[in-house]
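Everything on this sheet refers to the single structure shown next.
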Amino acid sequence: MEVTVKKMNKFLMFKLPSAFLCGVKLIELDTEKAVVKVKHKWINQNPFNSMYFAVQSMAAELTTGAIVIKKIKESGKQISMLVTNHNGTFTKKAIGLIKFTCNDGNLIDEALKRTIATGDGQTIIMKSVGVNENGEQVSAYEFEWSLKLKSKK
Numbered sequence: 252m253e254v255t256v257k258k259m260n261k262f263l264m265f266k267l268p269s270a271f272l273c274g275v276k277l278i279e280l281d282t283e284k285a286v287v288k289v290k291h292k293w294i295n296q297n298p299f300n301s302m303y304f305a306v307q308s309m310a311a312e313l314t315t316g317a318i319v320i321k322k323i324k325e326s327g328k329q330i331s332m333l334v335t336n337h338n339g340t341f342t343k344k345a346i347g348l349i350k351f352t353c354n355d356g357n358l359i360d361e362a363l364k365r366t367i368a369t370g371d372g373q374t375i376i377m378k379s380v381g382v383n384e385n386g387e388q389v390s391a392y393e394f395e396w397s398l399k400l401k402s403k404k
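To convert a position in the sequence shown, counted from 1, into this note's numbering, add 251.
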């Protein structure tokens with residue numbers, strides 16, 4: 252099964268309903284890049300009239316995780332993935348339409364090759380940047396992903 256934007260958004264609805272309800276939506280996905288959009292609205296606001304940081308985190312994580320899922324699926328191997336650490340920096344109030352972009356798909360290839368070849372877990376750090384409608388950065392995240400070949404039973 253090919254990993255597509257439509258299939259990932261369906262996955263979001265059933266497996267990550269809080270992100271779906273907050274308006275997080277994948278709009279672009281290929282082997283190198285993913286883009287997610289989310290609009291500031293009542294359901295995802297904080298007390299300061301901007302988007303709650305956890306919603307930004309969900310959107311940013313999806314940009315990195317969608318590429319990892321796509322690459323794992325394309326490898327044909329059973330590989331587990333887990334966020335082991337993350338860091339977020341906030342530079343401007345997130346209001347209006349925010350787009351998060353990750354361009355780190357190239358980082359996954361070598362880690363997948365190493366985990367498939369050795370069976371050892373690998374970690375990669377992927378970055379996602381959120382910008383508002385004026386192109387101004389509102390937040391930036393780094394997610395550390397752990398990749399490991401699943402053992403055969």
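All C-beta atoms in this analysis are idealised placements derived from N, C-alpha and C, irrespective of residue type, glycine included.
Taking the Cα of residue 314 as reference, the smallest distance to any Cα among 383, 260, 386 and 371 is reached at 260. The segment 322-334 makes no contact with the segment 285-297, as fewer than three CB pairs between them are under 8 angstroms. Between residue 395 and residue 369, the gap from beta carbon to beta carbon reaches 8 angstroms or more. Within the same chain, and ignoring the five residues on either side of residue 257 in sequence, no residue has its Cβ closer than 6 angstroms to its Cβ.
Going by C-alpha positions, residue 372 is about 40 angstroms away from residue 298. Less than 8 angstroms separates the beta-carbon of residue 390 from that of residue 340.
The criterion of a C-beta distance shorter than 8 angstroms is not satisfied by residue 306 and residue 359. The Cβ atoms of residue 310 and residue 275 sit closer than 8 angstroms to each other. Residue 400 carries a strand assignment under DSSP once its states are collapsed to helix, strand and coil.
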